[in-house]
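Written below as structure tokens is the structure these notes are about.
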Amino acid sequence: MRSAVFIAGMVAVAHGVNDAYAAFLPPLLPRLMDKLGLSIALAATLAMTLSLGASVLQPLMGYLSDRYGRRVFMVLGPVLSAVFLSLIGATSSFWILVFFLLVGGLGSAVFHPPGASMAAQVSEGKGSGFRMSIFSLGGSLGWALGPLVAVGLVGWVGLEGLWMAMIPGILVAVLLFPLFPSHGDHAGAQLPPSPRKVLRELRGPLGLLFGISVVGAFTQRVFLTMGPIIADRAGQTEAAGAFALSLYLGTQALGTLAGGFLADRMDRRRLLAWLTFLAFPAHFFSVSLPPGTLPAFLMAGTAGFFGMAMMPSIVVKAQELLPESAAIGSGIVMGLAWGVGSLGVLVTGALGDWIGPREAAMVSMPALLIGTALALQRPLADVGRR
């Protein structure tokens, strides 16, 4: 009988592998734009496609994995991500690339619900929070390393040789499969909520949390999409752009841990207001300062920290709102909100073709102040114990 912490560690390894492939696209966007002759708006469409594929179907995948077996989904997700996101450099067709990104993003949707469930609830007893932090840390490390791996491999074998990156991902998935427990599947799994139920829940305080999560996801996607393009237009190397992304994504791991710590010790509504308020200047300067400079790197790291530190409070308050349907609440403020937030990147991309990528990113970042205003609304003060 393997320990719960050991299983959580193996799930974290799979999480890191899956999310590393999901981070391949942003640093390679300038190269793909040159290869396919894409505008900034079309590049933003690619980023949105990957995000939608990874988020919108998460509630359904969670139901299916509970119903038919988490272990299969735990392996299938990283394999889909590894195969299809390693093929993004092998096509000269925009629409085939969209297909690769959609299916590759689906790998994340397949993996994350059963992965989080298995990491946090692999056995009865205490420690689910600690195991969940292990799971989150694995994903954050994968996110941070993915851009460096993608740029390093492409620099060595070229964009068309990126397909080789799928090999270690497939091997790791196969090796991990027998280490995952096969129990925990049941016929009583709850179906994801209907659109009517989602809309009904969004009319109350959950809608405020949803809005905060949407603007947080939007500004994150703006940085991840526009950051490499801004660096490329400024004459920076791919490595410099990838390092900024890795710094941003890496500090998100620290932000998650710090946000969870503070969420248990502070009024969560005030904490969300402060975090969204502080995230605004950090994100603004991360795209407005000259790319490749030390101040820009410092702001990128700070933006990643504050941007992800708000998530524990959002998720916990959503679960307090729906104590009998915690998974539904989490799915709304995470998967659904992230998908909706990614849609806004299309507007930023189109604006980038008109006024320039840096200027378009700069005018997008004040959206975080909408999150501050939402966090200060009185209905959130009555949610839960904090």
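At position 288 of the sequence shown (counting the first as 1) the number is 320 in our numbering, and the numbers step up by one without a gap.
Just so it is clear, CB atoms sit at the ideal spot from N, CA and C, and this is done for glycine as well.
The structure presented is a predicted model; accordingly, all values stated were derived computationally and were not measured.
Residue from the options with nearest C-alpha to residue i
{"i": "Gly273", "options": "Ile346, Ala55 and Phe212", "result": "Ala55"}
{"i": "Leu330", "options": "Leu240, Val186 and Phe316", "result": "Phe316"}
{"i": "Leu241", "options": "Arg302, Leu134 and Pro62", "result": "Arg302"}
{"i": "Leu310", "options": "Glu352, Pro398 and Arg235", "result": "Pro398"}
{"i": "Leu64", "options": "Ile128, Val204, Tyr100 and Ser320", "result": "Ile128"}
{"i": "Val434", "options": "Phe337, Pro411, Val395 and Ser149", "result": "This structure does not reach residue 434, given that the chain is present from 33 up to 418, and the question cannot be answered."}
{"i": "Pro323", "options": "Val365, Gly267, Leu400 and Ala148", "result": "Gly267"}
{"i": "Phe105", "options": "Thr257, Leu238, Leu208 and Ala314", "result": "Leu208"}
{"i": "Leu173", "options": "Pro327, Arg410, Asp51 and Gly101", "result": "Asp51"}
{"i": "Gly201", "options": "Ala392, Tyr53, Ala350 and Pro146", "result": "Tyr53"}
{"i": "Leu89", "options": "Leu375, Ile364 and Ala392", "result": "Ile364"}
{"i": "Ala114", "options": "Pro146, Arg265, Leu57 and Ser71", "result": "Leu57"}
{"i": "Leu375", "options": "Val49, Ser71, Ala75 and Ala263", "result": "Ala75"}
CB of residue i within 8 Å of CB of residue j, strictly
{"i": "Leu281", "j": "Trp175", "result": "yes"}
{"i": "Asp385", "j": "Ala73", "result": "yes"}
{"i": "Ala335", "j": "Phe275", "result": "no"}
{"i": "Gly333", "j": "Arg253", "result": "no"}
{"i": "His47", "j": "Gly178", "result": "no"}
{"i": "Ile166", "j": "Ala79", "result": "no"}
{"i": "Gly371", "j": "Thr251", "result": "no"}
{"i": "Gly41", "j": "Gly248", "result": "no"}
{"i": "Val181", "j": "Glu270", "result": "no"}
{"i": "Gly243", "j": "Leu96", "result": "no"}
{"i": "Leu185", "j": "Met196", "result": "yes"}
{"i": "Thr429", "j": "Leu117", "result": "Outside the modelled stretch of the chain, which goes from 33 to 418, sits residue 429, for which no answer is possible."}
{"i": "Leu286", "j": "Gly259", "result": "no"}
{"i": "Ala341", "j": "Ala305", "result": "no"}
{"i": "Ile120", "j": "Leu61", "result": "no"}
{"i": "Arg103", "j": "Ser214", "result": "yes"}
{"i": "Leu400", "j": "Phe337", "result": "no"}
{"i": "Ser245", "j": "Ala369", "result": "yes"}
{"i": "Leu353", "j": "Pro237", "result": "yes"}
{"i": "Leu412", "j": "Lys349", "result": "yes"}
Segment limits, alpha helix (DSSP H) that includes residue i
{"i": "Gln507", "result": "With the chain covering only 33 through 418, there is no way to say anything about residue 507."}
{"i": "Gln90", "result": "Gln90 to Tyr100"}
{"i": "Met65", "result": "Leu57 to Leu68"}
{"i": "Met198", "result": "Met198 to Leu208"}
{"i": "Ala54", "result": "Ala36 to Ala54"}
{"i": "Ser214", "result": "It is not in any alpha helix (DSSP H) - Ser214 carries neither H nor E in the DSSP assignment."}
{"i": "Asp385", "result": "Ala369 to Ile387"}
{"i": "Thr404", "result": "Ala399 to Ala407"}
{"i": "Ile364", "result": "Careful: Ile364 lies outside any alpha helix (DSSP H) and carries neither H nor E."}
{"i": "Arg300", "result": "Arg300 to Ser320"}
{"i": "Met80", "result": "Ile72 to Ser87"}
{"i": "Glu270", "result": "Glu270 to Ala295"}
{"i": "Gly333", "result": "Leu326 to Ala341"}
Exposed unless 16 or more other CB atoms sit within 10 angstroms - verdict on residue i
{"i": "Glu156", "result": "Here the model assigns Glu156 a pLDDT of 42, short of 50, so the residue's position is not dependable, and the following value carries that caveat. That one is exposed."}
{"i": "Arg228", "result": "exposed"}
{"i": "Ile261", "result": "buried"}
{"i": "Val154", "result": "Per-residue confidence for Val154 stands at a pLDDT of 41, beneath the threshold of 50, marking its modelled position as unreliable; the derived number appears in the next sentence. Buried."}
{"i": "Ala390", "result": "Sequence check: residue 390 is Arg here, not Ala. Looking at its Cβ environment, which holds 16 or more other Cβ atoms inside 10 Å, Arg390 is buried."}
{"i": "Asp30", "result": "Residue 30 falls outside the range modelled here, since the chain spans only 33 to 418, and no answer is possible."}
{"i": "Phe38", "result": "exposed"}
{"i": "Gly69", "result": "exposed"}
{"i": "Thr288", "result": "buried"}
{"i": "Ser35", "result": "exposed"}
{"i": "Ser149", "result": "buried"}
{"i": "Val319", "result": "buried"}
{"i": "Thr283", "result": "buried"}
{"i": "Val206", "result": "exposed"}
* If we count Cβ pairs, one from each stretch, closer than 8 Å, do we get three or more for the segment 129 to 145 versus the segment 85 to 92? -> yes
* **Three or more C-beta pairs below 8 Å linking the segment 333 to 345 and the segment 287 to 297** => yes
* Taking three-plus beta-carbon pairs below 8 Å as touching, is the segment 107 to 116 in contact with the segment 142 to 152? -> yes
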